[in-house]
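Everything on this sheet refers to the single structure shown next.
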Amino acid sequence: MRLRVRALVPMFAAVLALGTPLAAHHGDAAYAATPMEMKGCVVTEFDWMNPHSLIKFDYRTATGEVQHWTMEIGSPPSMTLLGWSRTTLRAGDVITAYVYQARSGVQVGRTNKVILADGTVLADRDDSTPSRYGTTEAPK
Amino acid sequence: MRHIWARAVVAVAAAVVVSSAAVAQTPQSQAKPAKSPWVYYPLDTITGDGGPAPKRDLSGTWAGPGSTDAIPRGAAAEKPSLTPLGQQVMGQHKPIGRYGPAGTNDPTARYCDPLGFPLNFIYQNRAMSVATMPNRVVFLLQFGGFWREVWTDGRPLPAKVGGDDRDSLDPTYMGYSVGHWEDDYNFVIDTTGLDERTWLLRDGTPHSVMARVQERWTRVDHNTMKVAMTIDDPKMFTRPFSLGTYYYRWVPNQKINEWLCVPSETLKYLQEQGDPAGSYPDAEPQRLGGGGRGR
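Just so you know, the protein sequences line up as chains C and Z, in that order. Every letter in the first sequence is one number past the one before it in the numbering used here, and letter 35, counting from 1, is 35. Every letter in the second sequence is one number past the one before it in the numbering used here, and letter 198, counting from 1, is 198.
Okay, structure coming up:
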């Protein structure tokens, strides 16, 4: 019985999370809800800038086509708190990118996470700490 | 021969000890690399209260909401009750939260226009310095590099604001502010003359030039202060309401970094990312990224 109760706790938490309306902080409605995995991406440019930094890379598809992608992360102050810096990426670095592609179908997206060649995982978001802004919009 | 073996054993043992020490030290040195004296480390936060609050003094460099998760959580702004004019003006605003960078007409998001007061404090004030001068208190804001003067010489707020009279106060992004110490630890500021091009809140809530914003800054202890903000603007709202409560903590080495909205960078972002992604104002809202820690 104890096991069953334990099993129900995460389910209950998941139901609560799904029932909580998401605040539209960043206009992310323009992006797909689930990320796509892109391995072997070669960084061509990393713009550490406001309002959002940009990661640009080349991605070779299964058919051999080389696509040029741009994906954004948060602002430098936000990303610094998550372990990013101006020198995190350099042209030529090979990464695995997890990207929420734009609904418009162009090759731009919102970053979910990046895995560096040494295995370091860098995310674009951290939900381990609560927002200090309650229901109002948080800084980007 | 025995001596040779004994020496070999000692040498191997010494090598093991040395290598063990090296292994033990490597993770430690990797975990805590030496810090540069000229780099800003936002995760270095102060601990404790630092002793009693100094009297009638907000001076110093402070970390604000969103800087780290070490900043206490305050209270959010109340939902305003808009007048018909307030509804009409708000209806013309397309906030970035719904319209995204491509569809918003938020002047800061599209053009790097100043957030102005009070939005610069409500939405984006991760760090600031406060300086006390003989006749005023000056707030030096990290975001945008703006400053704001609060007169403390007993002068009243301007009686004429934004009108056509030659002696009327011209509206400004930071407004015209006067302040006084209510007691040794509470500094009250009244502000008017706010430029109507700025939005009151990030969701597009407007304000008029006649809006009156009152702040109550409380020096809680040496390392903590907070501000509670209210607004009264009968032109836009049917009643005064709270703009929220926000906490600040002392920055240990009193150094913060520069953080500007650079028009050329904003243009680059919009051209290469924001605009191509498109605007979907009627889509289900979602938040995918953009930081999160200590927001």
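From the three backbone atoms N, C-alpha and C, an ideal C-beta is built for every residue, glycine too.
Of the other Cβ atoms in all chains shown, fewer than 16 fall within 10 Å of the Cβ of residue 263 (chain Z); this residue is therefore exposed. For residue 250 (chain Z), the CB contacts under 8 Å within the same chain, skipping 5 residues up- and downstream, are 46, 50, 60, 61, 62, 63, 222, 223 and 224 in chain order. Counted as a single uninterrupted DSSP element, the beta strand (DSSP E) harbouring residue 244 (chain Z) occupies residues 241-250.
Taking each of Z:39, Z:52 and Z:259 in turn and checking the Cα distance to residue 141 (chain Z), the smallest one comes out for Z:259. Those residues of the segment 49-79 of chain Z placed with their C-beta closer than 7 Å to a C-beta in chain C are 65, 66, 68, 69, 71, 73, 74, 75, 76 and 77, ordered along the chain. Per DSSP, the beta bridge partners of residue 130 (chain Z) are Z:60 and Z:139.
Positions of the alpha helix (DSSP H) runs, each at least 4 residues long and wholly inside the segment 31-58 of chain C, cannot be given because no such run exists. Under the 10 Å beta carbon count, residue 70 (chain C) is surrounded by 16 or more other beta carbons and is classified as buried. Along the segment 36-49 of chain C, going in chain order, the ones with a CB nearer than 8 Å to a CB of chain Z are 47 and 49. In the DSSP assignment, the residues bridged to residue 186 (chain Z) are Z:218. Bounds of any alpha helix (DSSP H) do not take in residue 209 (chain Z), whose DSSP letter is neither H nor E. Counted as a single uninterrupted DSSP element, the alpha helix (DSSP H) harbouring residue 109 (chain Z) occupies residues 107-111. By the Cβ-count criterion, residue 41 (chain Z) is exposed, with fewer than 16 other Cβ atoms from all chains shown falling within 10 Å of its own Cβ. Only those residues of the segment 278-292 of chain Z whose C-beta falls short of 8 Å from the nearest C-beta of chain C are listed: 278, 279, 280, 281, 283, 284, 285, 286, 287, 288, 289, 290, 291 and 292.
In this structure, Z:201 is the residue among Z:107, Z:201, Z:253 and Z:106 with its C-alpha nearest to the C-alpha of residue 242 (chain Z).
Per the Cβ contact rule, the segment 231-245 of chain Z is in contact with the segment 77-84 of chain Z (3 or more Cβ pairs under 8 Å). Put simply, of Z:226, Z:89, Z:255 and Z:256 the residue whose alpha carbon is nearest the alpha carbon of residue 245 (chain Z) is Z:226.
Bridge partners of residue 213 (chain Z) according to DSSP: Z:191 and Z:231.
For the 8 Å CB-CB criterion, residue 97 (chain C) and residue 276 (chain Z) do not form a contact. Closest in alpha carbon position to residue 196 (chain Z), among Z:76, Z:107 and Z:78, is Z:107.
By the CB criterion at 8 Å, residue 47 (chain C) and residue 82 (chain C) fall outside the cutoff. According to the DSSP assignment, residue 120 (chain Z) belongs to the alpha helix (DSSP H) that extends over 119-122.
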